[in-house]
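Residue 150 in this note's numbering is what sits at position 159 of the sequence shown, and the numbering runs on without skipping anything.
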Amino acid sequence: MPVRRQPRPSAEVTSQLWPSGGRHLWPSGEASELQAHERGHLVYAATGVLAVHTERGTSIVPANRVAWTPGGFSHSHRAHGDTDMRIVFLTPSMARLVGDRPAVFQASGLAREVLLALTGPGNYDETAPRYGAAARARLVRVLVDELREARERPLQLPEPRDDRLRAVARMLYETPADSAPLPELGKRIGASSRTLSRLFRDEFGMSFYQWRTQLRIYHAFVLLADGHDTTQTAYACGWANPSAFIAAFRKVIGTTPGRYRAGGRGTAQGLVANAPDS
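Here is the structure:
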């Protein structure tokens, strides 16, 4: 189905909440306070990029992903680029079908259209809602079924528990272009590369170099959402050249940085259509 370009949000924070969902228009850099909801909820960025923080780490949610946070989980959100954040609260019966832990799913074209329909104009007026209760329930069921069929596609920066990993992570958060090998980073914090390598495997289930690639992709999203071009972003995030960055970005996201930016710095134009099927 065709993907419609969503209008760019304004530069002011605008929030609309209703019993079954909500919409926040946030300027780049805006963040919410740490909070928890009784009901689980889905969040989607119609424009911009969202970072969702939970006790399990930070997940990046561009326009071809949907984030799920179960009820009771403490979380916060941060906008990268002017962001149009959509929210759909789920009833307990629907929430059980999605899962009992935070997750990020691939957003199919149908899931995206249902999310936009459930959170678009006409949903804010409780006296004359766009959809009656029965119609809304059917749409929510379609959305949940789409997510259950979708692959989990997390773009996650897990939160380190070990102090040595935290020290390495802190250095690279601040300077993602730092290409020092693990032994050099180990010397800076007083830990052997063998120990650090084991800790990355034990805590994150991935190698240091896989983790650093995810960190750089995270920073690349931030820069692209703020208007930087592919070449600037590649070097700022530590890739040796733009071609290497493009290949890494496409492997993780399913489209190139250029197509991602052409969609409107984070709109779903070009993202859902180019997302990998598997």
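Just so you know, even glycine gets a beta-carbon here, dropped at the ideal spot from N, CA and C.
Are there 16 or more other CB atoms within 10 angstroms of the CB of Ser6, so buried, or fewer, so exposed? To locate residue 6, count along the sequence shown from 1; it is residue 15. Flag for Ser6 reads exposed.
From Asp220, Tyr122, Tyr200, residue whose alpha carbon lies closest to that of Thr247: For the purposes of this step, residue 247 is taken as the residue at position 256 of the sequence shown. Selected option, being the one with the closest Cα: Asp220.
Determine the DSSP secondary structure at Ala27, reduced to helix, strand or coil. As a working mapping, residue 27 is identified with position 36 in the sequence shown. In the structure shown, Ala27 sits in coil (DSSP, three-state: anything other than H, G, I, E or B).
Out of curiosity, what's the CA-to-CA distance linking Arg103 and Arg152? To locate residue 103, count along the sequence shown from 1; it is residue 112. To locate residue 152, count along the sequence shown from 1; it is residue 161. So the alpha carbons of these two residues sit roughly 35 angstroms apart.
Between the Cα of Met203 and the Cα atoms of Asp91, Asp193, Cys228, which residue gives the shortest distance? Residue numbering aside, residue 203 sits at position 212 when the sequence shown is read from its first letter. Contrary to the premise, residue 203 reads as Arg rather than Met in this sequence. It is Cys228 whose Cα lies nearest to the Cα of Arg203.
Tell me which residues share the same chain as Phe195 and place their Cβ nearer than 7 angstroms to its Cβ, disregarding the 5 neighbours each side in the sequence. The count along the sequence shown starts at 1 and reaches residue 195 at position 204. Pro149, Trp202.
For the beta strand (DSSP E) that Leu16 lies in, which residues bound it at each end? Taking the first residue of the sequence shown as position 1, residue 16 is located at position 25. Here the beta strand (DSSP E) through Leu16 covers 12 to 17.
Residues near Gln147 in its chain [Cβ-Cβ closer than 6 angstroms; skip 5 each side]: Against the sequence shown, residue 147 aligns to sequence position 156. Around Gln147: Gly48, Ser50.
Extract the residue ranges of the beta strand (DSSP E) inside the segment 73 to 102, only unbroken runs of 3 or more that lie entirely within it. 94 to 97
Between which two residues does the alpha helix (DSSP H) containing Arg129 stretch? For this step, residue 129 is matched to residue 138 along the sequence shown. From DSSP, the alpha helix (DSSP H) with Arg129 extends over 124 to 140.
What is the residue span of the alpha helix (DSSP H) that Ala225 lies within? Locating residue 225 in the sequence shown gives position 234, where the first residue counts as 1. Note, Ala225: alpha helix (DSSP H), 221 to 227.
Given a threshold of 16 other Cβ atoms within 10 Å of its Cβ, counted over all protein chains shown, does Tyr164 qualify as buried or as exposed? Here residue 164 corresponds to residue number 173 of the sequence shown, with the count starting at 1. Per the 10 Å Cβ criterion, exposed.
Using the beta-carbon count (16 or more within 10 Å), is Ala27 buried or exposed? If you number the sequence shown from 1, residue 27 lands on position 36. Flag for Ala27 reads exposed.
Within the same chain, show all residues whose beta-carbon is closer than 7 angstroms to that of Gln97, passing over the 5 residues directly before and after it, in chain order. Here residue 97 is taken as the residue at index 106 of the sequence shown, counted from 1. Asn55, Arg56, Ala141, Arg142, Arg144, Ala266.
Segment limits, alpha helix (DSSP H) that includes Trp202: In the sequence shown, residue 202 corresponds to position 211, counting from 1. Run containing Trp202: 199 to 216, per the alpha helix (DSSP H) assignment.
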